[in-house]
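Quick note on numbering: the numbering used here labels position 65 of the sequence shown as 107, and the sequence is numbered without any gaps. The structure appears below as structure tokens.
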Amino acid sequence: MALTETDLLDALDDPALGFINFSLGGVVQVSRQKFGVIREHILAGNILVTSWGETHAQYVASDPPVLYMQNDTSPVSTHARALLLHECTHAIVHVFAVNFGELDNEVTAYLLQVAYQLVKNPHYATAPNNAPWFKFFDDCLTLVKKRGLNLGGYQLLSFKEVQPLEDQMPSLPGGFYKDDASRTSPGTGLKDVKPFIPTNEPVSGRAQYAAHETYPEPSDGYLADLLGRRYAKDDVAGYGGRVRELEAVFRRLSKAKATGLYPRLAMRVAGDNISMSFHDHLSTITRNRMLVIVRSRM
Ligand SMILES: [Zn+2]
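Shown next, in the form of structure tokens:
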């Protein structure tokens with residue numbers, strides 16, 4: 043099974059993050075508390091989560107931001123979690139509007155990624171890779187160990203200390219750090235922030251729906267109404283609320299209902315209100331995300 047949002051939420055809730063608390067230049071703090079904020083933003087729908095076919099994950103600081111999870115299997119390995127948390131470090135930079143250069147942003151994320159692996163496994167060693175990437179990761183590990191970024195105490199890194207790492211990045215194979223500005227734009231903050239869901243609400247309930255539990259099926263009338271509602275262009279809260287409601291409903295679909303609904307959602311069927319609203323009122327990213335959920339119920 044592909045990675046799920048629950049895998050990501052669990053990674054952000056990993057007690058191992060309690061051992062990580064560092065800052066590059068004093069302008070961004072990477073800590074369990076900050077990851078907790080990102081987790082809340084995901085639950086509130088302020089950061090959208092989806093998966094794609096690539097082997098790497100990516101955080102796109104769009105409006106709203108989207109975190110693309112890598113093509114991997116659930117439940118996640120430590121390595122897969124480290125990749126997800128790397129992207130969540132970019133989310134911290136974005137959400138907290140950190141004034142960073144692109145490479146500062148990247149090096150912070152890589153140091154977190156390696157520090158996390160070292161917390162999870164004190165004998166962690168750099169995995170085999172092509173020479174430039176191996177050297178880069180191994181140099182990250184050396185710095186993490188030297189500064190004890192896995193040991194729990196607060197550590198302040200200077201820009202000078204990470205300069206040798208940043209210098210390697212533009213020539214790393216893959217060309218990730220050349221001119222892909224959207225990948226790691228410095229923090230601008232979230233444009234619209236929906237309130238966090240109170241923690242005593244069915245937040246974790248999403249993961250608790252047992253297979254044998256039954257919920258009333260959404261009627262066509264209800265779905266047509268939910269999908270058909272019109273929101274003003276700037277009503278992000280209204281739009282986001284619909285997406286969350288839809289997601290909650292889809293996550294509980296019976297096999298029969300999901301099987302009947304899927305073809306109506308996968309393609310725009312003229313004359314079918316639900317199908318047309320689904321295509322006309324939701325973004326491509328949201329549609330794809332919803333289709334994944336419906337498919338998972340079939
Ligand atoms: Zn990155």
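Glycine included, each C-beta is placed from N, C-alpha and C at the ideal position.
Non-local C-beta neighbours of A312 in its own chain, meaning closer than 8 Å and more than five positions away in sequence, comprise M318, ordered along the chain. In the DSSP assignment, N63 falls within the unbroken beta strand (DSSP E) covering 63-66. A heavy atom of ligand 1 is found nearer than 7 Å to the CB of E148. Taking the CA atoms as reference points, K299 sits about 7 Å from E259. With contacts defined by Cβ atoms closer than 8 Å, V70 and T150 form a contacting pair. The C-beta of F176 has fewer than 16 other C-beta atoms within 10 Å across all chains shown, which makes the residue exposed. The three-state secondary structure of L199, taken from DSSP, is strand. The beta carbon of S65 lies closer than 8 Å to those of Q71, V72, Y196, Q197, L198, L199 in the same chain, with the five residues before and after it left out.
Ranked by how close their Cα comes to the Cα of V291, the residues V140, L269, D146, A279 have L269 in first place. At least one heavy atom of ligand 1 lies closer than 7 Å to the C-beta of H132. DSSP places S73 inside the beta strand (DSSP E), whose first and last residues are 71-73. A heavy atom of ligand 1 is found nearer than 7 Å to the CB of A151.
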